[in-house]
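> Residues -6 to 287, numbered by the numbering used here, are exactly what the sequence shown covers, in order. Every residue, glycine too, gets a C-beta built ideally from N, C-alpha and C. Computed from a predicted structure; not experimentally measured. For reference, the structure I am asking about is given below.
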Amino acid sequence: MSVTAKQLKRRVKGGKARARQIILISIMSVLCLLWLIPLVYMLSAAFTSDKVLTQTTDFKFFPPEWTFESFKQVFVGTFSESNPILRWFLNSLLVSSVTTVLVVILSAMAAYGYSRMKFRGRKIAFTFLMFTMMIPGVINMIPSYQIISTFGLKDTYFALILPSLGGVGNIFLIRQFLRGVPPEYDEAAKIDGAGDLQIFFRILLPQLVPVLVVVGLFTFIGSWNDLLWPQLVMTDTSMLTLTAGLGKMGFDRSNYPATSVAAAVVSIVPVFILYICAQKFLLQGISMSSGVKG
């Protein structure tokens, strides 16, 4: 049976599409491998003793003997006496959790106001709010530090939580998501006598779960991984967060190389678990928020 020109053209087009797909998969596989190599080595070093890792000069992906000695040193041992990892871990968990809850609530309420409530100067205020996104966060550190110092909030949890509550990007993301929710829901609720708070909490908030999970996840990760700000406002070592504490360990890294890596592994466990649990909502929230009208 002869092949028509149209069929031949379709086959050529399909072959090109498969070739592009193979190339893209190959590139992604190489990038994934490059990303996994440091992670695999970190996990391998964490299950090695400090003595073996210090004496070993050759690069090895897997330890000659697997041991949990480094993880024991993280919480109980000479290393933990000068580096209270458990206290830093609890500080990070408290600060990140409280910051996430407050950011989600405040950002959602602000987005509702800019999206649904009508008041004079709403567009001007929102435009000005968007302009503040152009200011690098590092520039705000000096005035933020002065405010925290003036009010005597240094070495307190408030110094870590309060400056993180003004995320303009979160307000913008939730507002864009809200613009995809039909306003007929609000009108029907108002006809039934519902107020703004009832509409927000009972009608709109349940529909915002995907985007709120995205905002919460990014906020938690940002607060958990914050390195510079806790080191600026915390002079008491016991009040440091885990990331900031690991950054201030100093010469303990050379004395306890495997234990330091084990502490770093401990620091990524909560974020990893949180991402696994919220993965479904994360993908749904990103896809839905990217498809709403601007």
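So which of 168, 159, 54, 196 has the shortest CA-CA distance to residue 30?
For the purposes of this step, residue 30 is identified with residue 37 of the sequence shown, where counting begins at 1. With distances taken between Cα atoms, residue 30 lies closest to 54.
> Quick check on DSSP: helix, strand or coil for residue 272?
Here residue 272 corresponds to residue number 279 of the sequence shown, with the count starting at 1. In this structure, residue 272 counts as helix in the three-state DSSP scheme.
> Label residue 268 either buried or exposed according to how many other C-beta atoms from any shown protein chain fall within 10 Å of its C-beta, with 16 as the threshold for buried.
Working through the sequence shown from its first residue, we reach residue 268 at position 275. That one is exposed.
> At a threshold of 8 Å, does residue 65 count as lining the ligand FAD (C-beta to nearest heavy atom)?
As far as ligands go, the structure on display features none, and thus does not contain the ligand FAD.
> Helix, strand or coil: which one does DSSP assign to residue 232?
Sequence index remark: in the sequence shown, residue 232 carries index 239 (1-based). Reduced to three states, the DSSP call for residue 232 is helix.
> When you compare only the Cα positions, how much space is there between residue 48 and residue 103?
Counted from its first residue, the sequence shown places residue 48 at position 55. Counted from its first residue, the sequence shown places residue 103 at position 110. For residue 48 and residue 103, the distance between alpha carbons rounds to 57 Å.
> Would you grab the beta carbon distance between residue 122 and residue 226 for me? Rounded to a whole angstrom, and I think it's under 8 Å.
Position 129 of the sequence shown, counted from the start, is the residue given in the question as residue 122. Position 233 of the sequence shown, counted from the start, is the residue given in the question as residue 226. Contact flag wrong, Cβ pair sits at about 25 Å.
> Grouping DSSP H, G and I as helix and E and B as strand, with all else coil, what is residue 253?
Looking up residue 253 in the sequence shown gives position 260. Looking at residue 253 - three-state DSSP - the assignment turns out to be helix.
> So residue 68 and residue 79 are in contact, right, with Cβ under 8 Å, and what is the actual spacing, rounded?
One-based indexing of the sequence shown puts residue 68 at position 75. One-based indexing of the sequence shown puts residue 79 at position 86. Right, their Cβ atoms sit about 6 Å apart.
> Might you give, ordered along the chain, the residues of its own chain that have their beta carbon closer than 7 Å to the beta carbon of residue 260, omitting 5 neighbours on each side?
The residue labelled residue 260 in the question sits at position 267 within the sequence shown. Cβ within range, chain order: 235, 236, 239.
> Please classify residue 57: is it buried, with 16 or more other beta-carbons within 10 angstroms of its beta-carbon, or exposed?
Locating residue 57 in the sequence shown gives position 64, counting from the first residue. The residue is exposed, with fewer than 16 neighbouring Cβ atoms inside 10 Å.
> So what does DSSP say about residue 174, is it helix, strand or coil?
Counted from its first residue, the sequence shown places residue 174 at position 181. Residue 174 falls in the coil class under three-state DSSP.
> Please identify the residue among 20, 85, 76 whose C-alpha is closest to the C-alpha of residue 264.
Here residue 264 refers to the residue found at position 271 of the sequence shown. When only C-alpha atoms are compared, the closest one is 85.
> Which value, in whole angstroms, describes the spacing of the CA atoms of residue 139 and residue 232?
Locating residue 139 in the sequence shown gives position 146, where the first residue counts as 1. Locating residue 232 in the sequence shown gives position 239, where the first residue counts as 1. Cα to Cα, residue 139 sits roughly 19 Å from residue 232.
> Looking only at C-alpha atoms, which of 252, 251, 221 sits nearest to residue 131?
By one-based count along the sequence shown, residue 131 stands at place 138. The candidate whose alpha carbon is nearest that of residue 131 is 221.
> So, helix, strand or coil for residue 121, using DSSP?
As a first step, residue 121 is located in the sequence shown; it is residue number 128 there, counting from the start. Looking at residue 121 - three-state DSSP - the assignment turns out to be helix.
> On the CB-based measure, 16 or more other CB atoms within 10 Å of its CB, does residue 305 come out buried or exposed?
The shown model of the chain, from -6 to 287, leaves out residue 305, and the question about it has no answer.
> Can you grab the Cα-Cα spacing for the pair residue 9 / residue 19, in whole Å?
The count along the sequence shown starts at 1 and reaches residue 9 at position 16. The count along the sequence shown starts at 1 and reaches residue 19 at position 26. Rounded to whole angstroms, residue 9 to residue 19 spans 15 Å at the Cα level.
> Can you give the Cα-Cα distance for residue 209 and residue 93, rounded to whole angstroms?
In the sequence shown, residue 209 corresponds to position 216, counting from 1. In the sequence shown, residue 93 corresponds to position 100, counting from 1. So the alpha carbons of these two residues sit roughly 5 Å apart.
> Could you tell me if residue 168 is buried or exposed, where buried requires 16 or more neighbouring beta carbons within 10 angstroms of its beta carbon?
Sequence index remark: in the sequence shown, residue 168 carries index 175 (1-based). Answer is buried; the Cβ neighbour count reaches 16.
> Here's the rule: buried if 16 or more other CB atoms are within 10 angstroms of the residue's CB, otherwise exposed. What is residue 144?
Reading the sequence shown from its first residue, position 151 is the one you call residue 144. Per the 10 Å Cβ criterion, exposed.
> Grab me the residues of residue 127's own chain with a C-beta within less than 7 Å of its C-beta, minus the 5 sequence neighbours each way, in chain order.
Position 134 of the sequence shown holds residue 127. Counting only Cβ-Cβ distances below 7 Å, and skipping sequence neighbours, we find nothing.
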